[in-house]
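Residue numbers (the working numbering), protein chains in the order written: chain A, 1 to 234; chain B, 1001 to 1304.
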């Protein structure tokens, strides 16, 4: 192996592979972890949509790609049976990859370090349950995010609890900094210092949204400079 | 319920009625494709007929398709002088009306009109296999090979059909195909059919469940020894690469499956028997499932 070349996660961390296989065997016996011809790990088979009592309500053919940087990166889900259109309103990218959740929200259902089954039981289950309902003429059961940057903004508005874009930008700016500076003006716009205002809220948000995620969100939203000087929104 | 009864019930919804809308659609598409090909090759009069699971009685709803052979007479040159030219000219003819995916010997036909509404060309479940008869008897054919070491392959559609259809094992084959599909193994159907027939050659008196257990036990315990040969061309068609590509997956999933049969049981292999359910009941069951979701998540789309 060349110097500096990283071993694939499934070779470097066999305990992760064993954990995924054990989870699949116990809960999703028609899904299997394979190493494909390119040497990448993927889970293939059929995903059952189950009722709370365990009755199978629907079933989808899937491939779930566990990329080279797994478990840091989110798995990529594809429905391979041709049932779901590759359209924005179906939440499928033009290359067939399903957007089962907004990546910024992974802390809620599949935080880093969580077992793979959390991904299946949470976002994947919810996505396919939603697809089955939509196919029956129903709405998405838990709602849906707007597409692209609008969805990211919508997400942070709800998470932070504000309609104000500048407030969102200021919170993201505080979240992207590695250290919290309590003497800064509070991003909520109250005019108080962070120490005297939203410190606990910010600490909670920092547990959910890593600095890198906040940085990426600022880029997606087109916020180029510190919003404390007045955010420049693209 | 006995395992054999369970497996019968699993097969039932996998079986198309003769007037099933999916089959009607495939038949209509076949007519359209045939018209298109005959229009494009008016002089040579290719023989166009169904092969594959459509005539082998091994079709399953979970993953169905029809192989449509398009064989030209031995001395006819309208479609091309070489097999590669024939393959390419049939692809060109089909491309006028369809999206065409080039496979090793076949051309997968897709409906390009659905790109606007679905974002992809919908698979029509038809593989057109171009070829040329080896002589005037019009039995053996040569087909072009896009990949692999050989440029052409000698084969015989009728021998393939008879080998599978007359094996007495079509229900077992359908279940192995369902298992292959549901578990994402990716074994080529032809290879899986041949394996099943070979491994059960002396086990035909067994019931479905024992036959399947035997096949999976062989996959699990003798994976390196598995071998198949093409009944139409035992020495010329090397199926080893296709088998090698899935050998480990067959063994690993077979191990899981056999262990699941022991505990908790057959229902964990193919799922519970699906009773006919009214659309409203199904909708209500899905809604109820949504109510019980502990951690709701919403889908997104990076495009926007």
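Think of the CB as a built atom: it goes at the ideal place given N, C-alpha and C, for glycine as much as any other residue.
Computed from a prediction, not measured in an experiment: that's the story for all the values here.
Tell me the DSSP secondary structure of residue i in three-state form.
{"i": "residue 76 of chain A", "result": "strand"}
{"i": "residue 1160 of chain B", "result": "helix"}
{"i": "residue 1139 of chain B", "result": "coil"}
{"i": "residue 1 of chain A", "result": "Its pLDDT being 45, under 50, residue 1 of chain A is placed unreliably in this model, and the coordinates cannot settle the point."}
{"i": "residue 48 of chain A", "result": "strand"}
{"i": "residue 1295 of chain B", "result": "coil"}
{"i": "residue 128 of chain A", "result": "helix"}
{"i": "residue 1261 of chain B", "result": "helix"}
{"i": "residue 66 of chain A", "result": "strand"}
{"i": "residue 1064 of chain B", "result": "coil"}
{"i": "residue 35 of chain A", "result": "strand"}
{"i": "residue 234 of chain A", "result": "Because the pLDDT at residue 234 of chain A is just 38, under 50, the model does not fix this residue reliably, and the value given afterwards should be weighed accordingly. Coil."}
{"i": "residue 1082 of chain B", "result": "coil"}
{"i": "residue 1303 of chain B", "result": "coil"}
{"i": "residue 1155 of chain B", "result": "strand"}
{"i": "residue 61 of chain A", "result": "strand"}
{"i": "residue 97 of chain A", "result": "strand"}
{"i": "residue 1099 of chain B", "result": "strand"}
{"i": "residue 1110 of chain B", "result": "strand"}
{"i": "residue 1123 of chain B", "result": "strand"}
{"i": "residue 147 of chain A", "result": "coil"}
{"i": "residue 1172 of chain B", "result": "helix"}
{"i": "residue 14 of chain A", "result": "helix"}
{"i": "residue 1290 of chain B", "result": "helix"}
{"i": "residue 23 of chain A", "result": "helix"}
{"i": "residue 1166 of chain B", "result": "coil"}
{"i": "residue 1190 of chain B", "result": "helix"}
{"i": "residue 236 of chain A", "result": "Coverage of chain A is limited to positions 1 through 234, which leaves residue 236 of chain A absent and any answer about it impossible."}
{"i": "residue 1010 of chain B", "result": "helix"}
{"i": "residue 1182 of chain B", "result": "helix"}
Please state whether the Cβ-Cβ distance between residue i and residue j is less than 8 Å.
{"i": "residue 95 of chain A", "j": "residue 65 of chain A", "result": "no"}
{"i": "residue 1136 of chain B", "j": "residue 1232 of chain B", "result": "no"}
{"i": "residue 56 of chain A", "j": "residue 48 of chain A", "result": "yes"}
{"i": "residue 142 of chain A", "j": "residue 1296 of chain B", "result": "yes"}
{"i": "residue 1205 of chain B", "j": "residue 1138 of chain B", "result": "no"}
{"i": "residue 51 of chain A", "j": "residue 1201 of chain B", "result": "no"}
{"i": "residue 1187 of chain B", "j": "residue 1269 of chain B", "result": "no"}
{"i": "residue 17 of chain A", "j": "residue 33 of chain A", "result": "yes"}
{"i": "residue 973 of chain B", "j": "residue 1072 of chain B", "result": "Given that chain B is displayed from residue 1001 to residue 1304, the structure contains no residue 973 of chain B and the question cannot be resolved."}
{"i": "residue 1223 of chain B", "j": "residue 29 of chain A", "result": "no"}
{"i": "residue 1217 of chain B", "j": "residue 1258 of chain B", "result": "yes"}
{"i": "residue 210 of chain A", "j": "residue 194 of chain A", "result": "no"}
{"i": "residue 1061 of chain B", "j": "residue 1016 of chain B", "result": "yes"}
{"i": "residue 1143 of chain B", "j": "residue 1155 of chain B", "result": "yes"}
{"i": "residue 1161 of chain B", "j": "residue 1058 of chain B", "result": "no"}
{"i": "residue 176 of chain A", "j": "residue 205 of chain A", "result": "no"}
{"i": "residue 174 of chain A", "j": "residue 202 of chain A", "result": "yes"}
{"i": "residue 81 of chain A", "j": "residue 60 of chain A", "result": "yes"}
{"i": "residue 1171 of chain B", "j": "residue 1011 of chain B", "result": "yes"}
{"i": "residue 1063 of chain B", "j": "residue 1079 of chain B", "result": "no"}
List the DSSP bridge partners of residue i.
{"i": "residue 1070 of chain B", "result": "B:1048, B:1130"}
{"i": "residue 29 of chain A", "result": "BP columns for residue 29 of chain A are empty, so no partner."}
{"i": "residue 1196 of chain B", "result": "Answer is none; residue 1196 of chain B lacks a bridge partner."}
{"i": "residue 1150 of chain B", "result": "According to DSSP, residue 1150 of chain B bridges with nothing at all."}
{"i": "residue 88 of chain A", "result": "DSSP output for residue 88 of chain A lists no bridge partner at all."}
{"i": "residue 41 of chain A", "result": "A:35, A:66"}
{"i": "residue 56 of chain A", "result": "A:50"}
{"i": "residue 1144 of chain B", "result": "B:1152"}
Just checking: is the beta-carbon of residue i within a distance shorter than 8 Å of some beta-carbon in chain D?
{"i": "residue 1300 of chain B", "result": "This model lacks chain D altogether; the protein chains it does include are A and B."}
Does the Cβ of residue i lie closer than 7 Å to at least one heavy atom of the ligand MN?
{"i": "residue 129 of chain A", "result": "Of the ligands one can find in the structure shown there are none, so the ligand MN has no counterpart to examine."}
Could you name each continuous alpha helix (DSSP H) segment of 4 residues or more that falls completely within the segment 150 to 232 of chain A, going from the start of the chain to the end?
Fully enclosed alpha helix (DSSP H) runs of 4 or longer: 165 to 176, 199 to 208, 211 to 220.
Of all the residues that make up the segment 48 to 66 of chain A, which are near chain B by a beta-carbon distance shorter than 9 Å?
For the segment 48 to 66 of chain A, which is checked against every Cβ of chain B, the residues closer than 9 Å are 48, 49, 50, 51, 52, 54, 55, 56, 57, 58, 59, 61, 62, 63.
Entirely within the segment 1015 to 1040 of chain B and at least 3 residues each: give me those beta strand (DSSP E) ranges in chain order.
The qualifying runs do not exist here; there are none.
Which ranges does the alpha helix (DSSP H) cover as unbroken runs of at least 4 residues, wholly within the segment 1200 to 1247 of chain B, from first to last along the chain?
Counting only runs that start and end inside the segment 1200 to 1247 of chain B, the alpha helix (DSSP H) elements of at least 4 residues fall at 1208 to 1221, 1240 to 1244.
Looking at chain A, which residues of the segment 1267 to 1296 of chain B have a Cβ within less than 8 Å of any of its Cβ atoms?
Within the segment 1267 to 1296 of chain B, those residues whose Cβ lies closer than 8 Å to any Cβ of chain A are, in chain order, 1268, 1269, 1271, 1272, 1274, 1279, 1282, 1283, 1285, 1286, 1287, 1288, 1289, 1290, 1292, 1293, 1295, 1296.
Could you please tell me which residues of the segment 1221 to 1238 of chain B, in chain order, have their CB closer than 9 Å to any CB of chain A?
Listed in sequence order: no entries.
With 7 Å as the limit, tell me which residues of the segment 25 to 41 of chain A have their beta carbon closer than that to any beta carbon of chain B; keep them in chain order.
Those would be 25, 29, 30, 32, 34, in chain order.
Taking Cβ-Cβ distances below 8 Å as the criterion, which residues of the segment 1103 to 1122 of chain B are in contact with chain A?
Listed by position, the residues of the segment 1103 to 1122 of chain B near chain A (Cβ gap below 8 Å) are 1117, 1118, 1119, 1120, 1122.
Please list the residues of the segment 1240 to 1260 of chain B that have a C-beta atom closer than 9 Å to any C-beta atom in chain A, keeping them in chain order.
Flagged, chain order: 1245, 1248, 1249, 1252, 1253, 1256, 1257, 1259, 1260.
Give the residues from the segment 1172 to 1183 of chain B that approach chain A closer than 8 Å (Cβ to any Cβ), ordered along the chain.
Per Cβ criterion, the list reads 1181, 1182, 1183.
What are the residues in the segment 71 to 91 of chain A lying within 7 Å of chain B by C-beta distance?
Going along the segment 71 to 91 of chain A in chain order, one finds 82, 85, 86, 87, 88, 91 with a Cβ nearer than 7 Å to chain B.
Return the residues of the segment 1044 to 1060 of chain B that lie within a Cβ-Cβ distance of less than 8 Å from chain A, sorted by chain order.
Cβ contacts with chain A: none found.
Could you please tell me which residues of the segment 178 to 195 of chain A, in chain order, have their CB closer than 9 Å to any CB of chain B?
Cβ contacts with chain B: none found.
Chain B contacts made by the segment 126 to 139 of chain A, where a contact means CB separation under 7 Å
Under the 7 Å Cβ criterion, the segment 126 to 139 of chain A contributes 126, 127, 129, 130, 132, 133, 136, 138.
Against chain B: residues of the segment 138 to 168 of chain A by CB proximity under 9 Å:
Those residues of the segment 138 to 168 of chain A that come within reach of chain B (Cβ to Cβ, closer than 9 Å) are 138, 140, 141, 142, 143, 144, 145, 146, 147, 148, 149, 150, 151, 152, 155.
Residues, ordered as in the chain, of the segment 98 to 127 of chain A that lie near chain B by beta-carbon distance below 7 Å
For the segment 98 to 127 of chain A, the residues whose beta carbon sits under 7 Å from a beta carbon of chain B are, in order, 99, 100, 101, 102, 105, 108, 109, 122, 123, 126, 127.
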